[in-house]
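Structure first, then comments.
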């Protein structure tokens, strides 16, 4: 692979959070099995770095080599957890989008390794193909020992000469920071991407507990009076907000710049929640769609949330009546996991196949059904916009076992920063060894509400049509009567003309006789 491919491959991520999500996915996937991930800014020397540290299984030298190379993807499903990664390209495209260079420190049960994926290094040595220096130490009697060889010495020299770590001792100290977790991985990305003003692309200064993406607002010049500025949704500007909705059912604790991200169980955080079902003939199992009103009052924070294997692909996608230039569908959020669709390379879109188009049309119709059923809005003039409403349930995630627990109805107390199962008032689910509430059986899925709106609308349309027919018949009868009246008037006029003609003719004859006499 040519070194230039590292850059061109990364350009699929037009948005930096898309690249960060790839690295989060690697920690979340079952082969890593991390329960916690720490994302932070770090300054090494005078260089700004972005770090990702997880407490997962770590990697052997062979596995690290495959992660840093192209064309390998050995991720498999573990239990009920499906891997998000599919192409074996996420780390390369994501890390090289964020910066020119990436160091990977990893510790498994038998060894520790350091890998170096660096555009700076490859450019400096004028490499014709991608070279990834990797150095491994094995643990013997709690001591890290490096097997000396020409290849190992060469790789170590490359790392020390072209990275931020200038000695083997410094590398070992960095590796020792993983000892407290027994196994895990530390990714350090440096020479971070800058904007046209030579400032860092990512904003670390505006919020000490967040990483911001200062997107340029969209300006609508089509308005008549003045341009309208549309700010980007918060999830596109705040990594904390994006991480909170990144997974349909979050099972990993994310700590961003020293503060835990409050992840959202978004499908169970709605008001007036209802379930609908999508089951085309080509799918063996029905697909569950959840609809409800969101309490998020940020503009445009409604639409369809589309997940694939638990991972968010499309957020707040407007469907159905939400595309119209009125208030229809405002505040309605739909949530669906569409594992039967195929995401594109950067996991921000789906391939627009016939199945995708068919599903989007159907999802739009179902959202319309829900909105009109709940609001009784039948035309734009009677549309009702949902106001801020409390969710139907309150859910909390245990900091220990990461299980989600539904709190009893009417629970109004504010949840603490760290919440545990034993704090649950419901005795049936107040221990970490108790499984979560079971999900709905896909085979038995049916809609949870009756769509009386459609019947009412059909009845109204029938009555309207009947009324139109009645009026049309009345109009036809009126026209027929008018035509008959006109015909009579014409006949009477014709008779009058004939009578006048006869009278005139008679008078002419009488006058001639008088003249003759």
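In this note's numbering, the protein residues as written are 112 to 628.
We put the beta carbon where it would ideally sit given N, CA and C, even for glycine.
Small disclaimer: the values here were computed from a predicted structure and weren't measured.
For residue i, report the span of its alpha helix (DSSP H) as first-last.
i	result
residue 265	261 to 273
residue 121	115 to 121
residue 135	127 to 139
residue 416	Careful: residue 416 lies outside any alpha helix (DSSP H), inside the beta strand (DSSP E) at 414 to 419.
residue 202	201 to 209
residue 172	172 to 179
residue 389	Taken as a continuous stretch (DSSP letters only), residue 389 belongs to no alpha helix (DSSP H), being part of the beta strand (DSSP E) at 382 to 389.
Would you tell me roughly how many angstroms separate the C-alpha atoms of residue i and residue j, rounded to the nearest one?
i	j	result
residue 163	residue 237	29 Å
residue 569	residue 484	13 Å
residue 284	residue 365	25 Å
residue 577	residue 583	10 Å
residue 172	residue 369	30 Å
residue 167	residue 296	7 Å
residue 414	residue 524	29 Å
residue 248	residue 289	14 Å
residue 603	residue 581	33 Å
residue 392	residue 472	16 Å
residue 513	residue 133	22 Å
residue 137	residue 128	14 Å
residue 498	residue 154	With a pLDDT of 49 at residue 498, under the threshold of 50, the modelled position of this residue cannot be trusted, and the question is left open.
residue 520	residue 301	48 Å
residue 139	residue 518	26 Å
residue 268	residue 231	15 Å
residue 459	residue 204	13 Å
residue 541	residue 299	39 Å
Could you tell me the boundaries of the beta strand (DSSP E) in which residue i lies?
i	result
residue 356	No beta strand (DSSP E) contains residue 356, which is instead part of the alpha helix (DSSP H) from 350 to 356.
residue 460	First-last for residue 460: undefined, no H or E at that position.
residue 545	No beta strand (DSSP E) contains residue 545, which DSSP labels as neither H nor E.
residue 444	443 to 448
With DSSP collapsed to three states, give me the class of residue i.
i	result
residue 196	Any reading at residue 196 must be qualified, since the residue scores a pLDDT of 49, below 50, and its modelled position is unreliable; the value itself is stated next. In this structure, residue 196 counts as coil in the three-state DSSP scheme.
residue 147	strand
residue 364	strand
residue 431	helix
residue 481	helix
residue 408	coil
residue 219	coil
Just to confirm my understanding: we take residue i, look at its own chain, exclude 5 residues before and 5 after, and list those with CB closer than 7 Å. What are they?
i	result
residue 619	none
residue 226	175, 179, 215, 243, 245
Identify, in the order they occur along the chain, each residue of the same chain with its Cβ nearer than 6 Å to the Cβ of residue i, setting aside the five sequence neighbours on each side.
i	result
residue 384	403, 503
residue 493	Model confidence at residue 493 stands at a pLDDT of 43, short of 50, so the residue's coordinates are unreliable; what they give is reported in the following sentence. So the list is empty, once near-sequence residues are dropped.
residue 286	216, 223
residue 522	505
Which whole-angstrom value describes the C-beta separation of residue i and residue j, a residue pair presumed to lie in contact below a C-beta threshold of 8 Å?
i	j	result
residue 245	residue 272	Residue 245 to residue 272, Cβ: 15 Å. No contact.
residue 363	residue 148	6 Å
residue 304	residue 210	6 Å
residue 400	residue 477	6 Å
residue 348	residue 126	Contact flag wrong, Cβ pair sits at about 11 Å.
residue 294	residue 169	4 Å
residue 449	residue 470	7 Å
residue 135	residue 357	7 Å
What does a CB cutoff of less than 8 Å around residue i pick up in its chain, not counting 5 residues either side in sequence?
i	result
residue 496	Because the pLDDT at residue 496 is just 47, under 50, the model does not fix this residue reliably, and the point stays unresolved.
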